[in-house]
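Read through the structure below, which is laid out as structure tokens, and then see the notes.
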Amino acid sequence: MSATTHFVPLQITKRDGRLEKFDDSKIFHAIEKAVQSANTHTSTSEISEIVSNVVSNMKHLTSKTPNIEEIQDLVEKALMTFKEFSVAKSYVLYREERSKIRLSESRLMQTFNSLTSRDAKDMDLKRENANVDGNSSMGLMLKFGSEGSTEFTKLMLMKPEHATAHEDRRIHVHDLDFYAIGTTTCCQIDLIDMFTRTFSTGHGSIREPNDISTYAALACIVLQSNQNEQHGGQSIPNFDYAMAEGVKKSYYTCVCETVTNLLQMKYAIFEEQMKKVLENQKESLRYLKTDWVGLSEVIRQRYHVDLTEEDAKNIETVANRMLERKTFQAMEALIHNLNTMHSRAGSQVPFTSINFGTDVSDEGRLATRSVLKATWNGLGNGETAIFPISVFKVMEGVNYNPEDTNYDLFKLAIKVSAKRLFPNFVFLDAPFNKKYYKKGDYRTEAVAMGCRTRVIGSIFPESDGIVTGRGNLSFTTINLPRLGIKYGICEGKREVCELENFYKELKETMDLVTDQLIERYRFQCNKKVMNFPFMMGQGVWYGSKELKESDTLESVLKHGTLSIGFIGLAETLVALTGKHHGESNDSWGLGKRIIQFMRDYCDETSKTHHLNFSLLGTPAEGLSGRFVKYDAEVFGKIKGVTDRDYYTNSFHVPVYFKITAADKIRKEAPFHEMCNAGHITYVEVDGDPLKNLGAFEQIVRIMKESGIGYGSINHPVDRDPKCGYVGIIDNVCPKCHRKDEDHDCKFERLRRITGYLVGTLDRWNNAKQAEEKDRVKHA
Numbered sequence: 001m002s003a004t005t006h007f008v009p010l011q012i013t014k015r016d017g018r019l020e021k022f023d024d025s026k027i028f029h030a031i032e033k034a035v036q037s038a039n040t041h042t043s044t045s046e047i048s049e050i051v052s053n054v055v056s057n058m059k060h061l062t063s064k065t066p067n068i069e070e071i072q073d074l075v076e077k078a079l080m081t082f083k084e085f086s087v088a089k090s091y092v093l094y095r096e097e098r099s100k101i102r103l104s105e106s107r108l109m110q111t112f113n114s115l116t117s118r119d120a121k122d123m124d125l126k127r128e129n130a131n132v133d134g135n136s137s138m139g140l141m142l143k144f145g146s147e148g149s150t151e152f153t154k155l156m157l158m159k160p161e162h163a164t165a166h167e168d169r170r171i172h173v174h175d176l177d178f179y180a181i182g183t184t185t186c187c188q189i190d191l192i193d194m195f196t197r198t199f200s201t202g203h204g205s206i207r208e209p210n211d212i213s214t215y216a217a218l219a220c221i222v223l224q225s226n227q228n229e230q231h232g233g234q235s236i237p238n239f240d241y242a243m244a245e246g247v248k249k250s251y252y253t254c255v256c257e258t259v260t261n262l263l264q265m266k267y268a269i270f271e272e273q274m275k276k277v278l279e280n281q282k283e284s285l286r287y288l289k290t291d292w293v294g295l296s297e298v299i300r301q302r303y304h305v306d307l308t309e310e311d312a313k314n315i316e317t318v319a320n321r322m323l324e325r326k327t328f329q330a331m332e333a334l335i336h337n338l339n340t341m342h343s344r345a346g347s348q349v350p351f352t353s354i355n356f357g358t359d360v361s362d363e364g365r366l367a368t369r370s371v372l373k374a375t376w377n378g379l380g381n382g383e384t385a386i387f388p389i390s391v392f393k394v395m396e397g398v399n400y401n402p403e404d405t406n407y408d409l410f411k412l413a414i415k416v417s418a419k420r421l422f423p424n425f426v427f428l429d430a431p432f433n434k435k436y437y438k439k440g441d442y443r444t445e446a447v448a449m450g451c452r453t454r455v456i457g458s459i460f461p462e463s464d465g466i467v468t469g470r471g472n473l474s475f476t477t478i479n480l481p482r483l484g485i486k487y488g489i490c491e492g493k494r495e496v497c498e499l500e501n502f503y504k505e506l507k508e509t510m511d512l513v514t515d516q517l518i519e520r521y522r523f524q525c526n527k528k529v530m531n532f533p534f535m536m537g538q539g540v541w542y543g544s545k546e547l548k549e550s551d552t553l554e555s556v557l558k559h560g561t562l563s564i565g566f567i568g569l570a571e572t573l574v575a576l577t578g579k580h581h582g583e584s585n586d587s588w589g590l591g592k593r594i595i596q597f598m599r600d601y602c603d604e605t606s607k608t609h610h611l612n613f614s615l616l617g618t619p620a621e622g623l624s625g626r627f628v629k630y631d632a633e634v635f636g637k638i639k640g641v642t643d644r645d646y647y648t649n650s651f652h653v654p655v656y657f658k659i660t661a662a663d664k665i666r667k668e669a670p671f672h673e674m675c676n677a678g679h680i681t682y683v684e685v686d687g688d689p690l691k692n693l694g695a696f697e698q699i700v701r702i703m704k705e706s707g708i709g710y711g712s713i714n715h716p717v718d719r720d721p722k723c724g725y726v727g728i729i730d731n732v733c734p735k736c737h738r739k740d741e742d743h744d745c746k747f748e749r750l751r752r753i754t755g756y757l758v759g760t761l762d763r764w765n766n767a768k769q770a771e772e773k774d775r776v777k778h779a
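Per UniProt numbering, the sequence shown starts with residue 1, numbered consecutively.
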């Protein structure tokens, strides 16, 4: 049928945005179905009149190409005009049902359905982040929110070319689910600055702490509060320096309490205000360096009592023991808190890191020794703590050589790491770290955040070489192996790789990523201080103390970094040349040239855009499988490239390749300097490293001497939750001799995944489980 009207649109706009020729017979058939559903006696001629009314009223629409929803609204009005109320009701119900069907058929709704109906063990998406329990209520809630936010961002916020590149796995925009919120990735928090001024977490102000236990508790609160305003990790770059201030104050309290008790017990002198009495002696009352002569003189003048040498020794001994116990308990509480405060999205604990090892003061040394001992002891039942990621800063003249003040702490760090996997080691003598160092200024000591992030250099002179208050804004990773496949020899299309075209497309991809990072940066900059009331409102971020609540953020976010990442250098080289950098020096040389090309691009882009662009050796968890799965579907299974379930992380030699620890370190070391946004080298060791601490230390020393910036040593850490044994467990517990399959309570297999420790392998995604199985030992 055809309606008679003065206005008939030539085209209409479909729901997906495409244009289609207008056909009024579709309106007729839709009304006809509604008539049948309502079981009325409306004739075909009456339906035609209704259609004519709908078409006639289209002239009142503003668009010459009306959309489906506008036409359906006109149909409803026409049915009401012709008093076809039953038909109108049926039509509305039909319309709603069709909308539900379309929605349920969308990818997002299919994802939601799978999240609801499938367990984490059967669904990789629920194990995308091994620190999230995908079966828990809040873990599931996080995934619902994450998937919905991601789809909204791709449809409404990103340029189509960026969203398409992400969907096609050409690039991967990290933390896409947080894009719409405008959060940044991570921050290096200066606790000394925070604690010397009043700050607020939103409900009342917090004064400067006066005790080491309060210092440790407030450190957790600061980390937790800032975590709620970022999607990445939280780091304390000056942990030992900050805690030293609390140790110093606590020692004064310990001395005052000890003197009070001595006077009371020995001389029957009762004094309740000893802190006031010794106020003028506060600076001379230092742990292991107390001026006992000055203290004795104050007591003699005030109470007419001459303290004996034995009295002074007793006061010192008791006060020292009190302080050491207080400090250890504070560090123990900090570690327990950071493993039990489920305050991050998805019922996660905050992703925290602490850096220490270079404070040579007695108070700083005690703080470092105490946190290492607390790490050694583990949690309540001996479990290895997964947070904070502790990082020991290694430096000649401070802790590296036997004559160095903190050498004993370096040795203790080696021992603790051999048992608990932490601390990792950051090497301040690496040339790219040492150039920033200024003696006596902890802000210039290079540190590591979480699994590898590094922020220290800056194009802005005021923040160049400063780590505190700064962090990464966002990062996006390039699928490097795909470029290798397209221009390499792996498909048999050519005998020699086309490097010129490889570099050409690599630059085009980096141009695309740069544009995407800037687009996201502009979105972040338009947020206001009020959107981040703790990080910006309380002056955590560099320069934010000067901002007002309604100010936007560009003036301070510029000090953060925008990072271009890469994954799978090993597979890229196999695709290009037939061999990866672990097995061929020629491939190693090509690999260094490729990554240097990327670093040079980032340096030039920083100058062009006057922003801090940097190159990242990507810490890929879910991404390691996401890229290769897609590429295997497109290019097929290619030996050494797409034939495994994962791409190798960043510039690493493949985990399955047999190579000595020293050779692996030397192969990967040059890439640390190139990857100024973050890097790490791992070495896998066999057996119990506590039985050979000399070999463990030798690996750390090889890292330092080879120019590694950040390194860590992996080894098995198993635990039997039945008897509490911690060590290496094969199939039988060495302590209680039970087998893993004998009970529902399985052995805990603690392993490192992209820099983090995860207590159970079943939370790992399929790609990372495959990678863990492939790992070979290097020592």
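Glycine included, C-beta positions come from ideal geometry on N, C-alpha and C. Remember, predicted model here, so these are calculated numbers, not experimental data.
No residue range can be given for E283, since it is assigned to no beta strand (DSSP E) and is classified by DSSP as neither H nor E. By the Cβ neighbour-count rule, M265 is exposed, with fewer than 16 other Cβ atoms within 10 Å of its own.
With a beta-carbon spacing of about 5 angstroms, L480 and T572 fall inside the 8 angstroms limit used to define contacts.
Setting aside the 5 residues that flank it on each side, Q596 is surrounded in the same chain by M674, each with a C-beta closer than 8 angstroms to its C-beta; the list follows chain order. A check of alpha carbon separations from R300 across L61, F425, M243 and V259 identifies V259 as the nearest. A straight-line Cα-Cα distance of about 33 angstroms links A180 and K64. Short of 7 angstroms from the beta carbon of N226, and not among the five residues preceding or following it, lie these beta carbons of its own chain, in chain order: C187, I189, Q234, F534, M535 and V540. Less than 9 angstroms separates the beta-carbon of G471 from that of V455. Counting along the chain, Q72 sits inside no beta strand (DSSP E); it lies in the alpha helix (DSSP H) bounded by residues I68 to T81.
Shown here for G246: same chain residues with a beta carbon closer than 6 angstroms to its own, the five before and five after excluded, namely I212 and Y215 in chain order. For R15, the three-state secondary structure derived from DSSP is coil. When the five nearest sequence neighbours on each side are left out, no beta carbon in the same chain lies closer than 8 angstroms to the beta carbon of G204.
DSSP places K393 inside the beta strand (DSSP E), whose first and last residues are I389 to V394.
Rounded to the nearest angstrom, the Cβ distance from F195 to L223 is 13 angstroms, too far for a contact under 8 angstroms. Note on the region 655-703: whole beta strand (DSSP E) runs with a minimum of 3 residues are 681-684, in chain order. Put simply, the backbone Cα of K59 is about 9 angstroms away from that of P9.
In this structure, the CA atom of R719 is about 16 angstroms from the CA atom of T375. A Cβ-Cβ distance of about 5 angstroms is found for the pair G617 and F651, placing them in contact under the 8 angstroms criterion.
Looking from the CA of A632, the closest CA among V732, E491, I729 and A620 belongs to E491. Excluding the 5 residues flanking it on each side, L278 has same chain C-beta neighbours closer than 8 angstroms at Y252, V255, C256, V259, L285, L295 and V298, in chain order. Around the CB of P689, 16 or more other CB atoms lie within 10 Å, so the residue is classed as buried. With contacts defined as CB atoms closer than 9 angstroms, T201 and G232 fail to qualify as a contacting pair. In the DSSP assignment, the residues bridged to G565 are T477 and L616. A check of alpha carbon separations from V776 across V35, E69, Y682 and I699 identifies Y682 as the nearest.
The alpha-carbon separation between H715 and V685 amounts to approximately 5 angstroms. Cα atoms of F635 and F523: separation of roughly 36 angstroms, rounded to the nearest angstrom. Counting every other CB atom within 10 Å of its CB across the protein chains shown gives V496 a total below 16, marking it as exposed. The residue among H610, H581 and K739 with its C-alpha nearest the C-alpha of T561 is H610. Between T608 and K507, the alpha-carbon positions lie close to 15 angstroms from each other. Along the region 468-553, the beta strand (DSSP E) occurs as fully enclosed runs of 3 or more residues at 472-479, listed in sequence order.
The continuous stretches of beta strand (DSSP E) do not include R365, which lies in the alpha helix (DSSP H) extending over residues D362 to N377. For N401, the CB contacts under 8 angstroms within the same chain, skipping 5 residues up- and downstream, are Y407 in chain order.
Taking a C-beta distance under 9 angstroms as the contact criterion, C736 and F747 do not qualify as a contact pair. Counted as a single uninterrupted DSSP element, the beta strand (DSSP E) harbouring F427 occupies residues N424 to F427. Burial state of T577 is buried, judged by a 10 Å Cβ sphere holding 16 or more other Cβ atoms. Under the three-pair Cβ rule at 8 angstroms, the region 538-553 does not count as touching the region 236-246.
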